[in-house]
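> Take 1 as the starting number for the sequence shown in the UniProt record's numbering and just add one per residue.
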Amino acid sequence: MSGKIIFDNGKHQCIMFSDLVKGDGIQSNQFLILHSDEETVGAVIDPGGDLTYTPLTLALLKHTDIRHIRYVIGSHQDPDIIAS
Numbered sequence: 001m002s003g004k005i006i007f008d009n010g011k012h013q014c015i016m017f018s019d020l021v022k023g024d025g026i027q028s029n030q031f032l033i034l035h036s037d038e039e040t041v042g043a044v045i046d047p048g049g050d051l052t053y054t055p056l057t058l059a060l061l062k063h064t065d066i067r068h069i070r071y072v073i074g075s076h077q078d079p080d081i082i083a084s
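#1: Tell me, please, which residues DSSP counts as bridged to I15.
#2: Would you grab the beta carbon distance between I66 and L60 for me? Rounded to a whole angstrom, and I think it's under 8 Å.
#3: Contact check, I45 vs S18 under 8 Å by CB: the rounded distance?
#4: If I'm right that K11 touches S36 with Cβ under 8 Å, what's the distance once you round it to whole angstroms?
#5: Ends of the alpha helix (DSSP H) at I45?
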């Protein structure tokens, strides 16, 4: 899935990614928060584990330049949430 925009007011976007991998991997929802003013700044929330690294990166690139991502936020300490 390339991402579902769940909020967009022109300056702020929240994009949810889910079902990035198939199989036995534990699924979680990843989020991208973008703030666009004079420059774009992004934060990835709960990027996932090793299985989601490549699919999430490809999905993020559909919404922003990877250089805009300045923050990575983990909601809790778990390899399936923040290992990547």
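Here a beta-carbon is modelled for each residue, glycine too, at the ideal position from N, C-alpha and C.
Reading from the atomic positions:
#1: I5 and L32
#2: 6 Å
#3: Actually they do not touch by this definition, with Cβ atoms about 13 Å apart.
#4: 6 Å
#5: Per DSSP, I45 belongs to no alpha helix (DSSP H); it is in the beta strand (DSSP E), T40 to I45.
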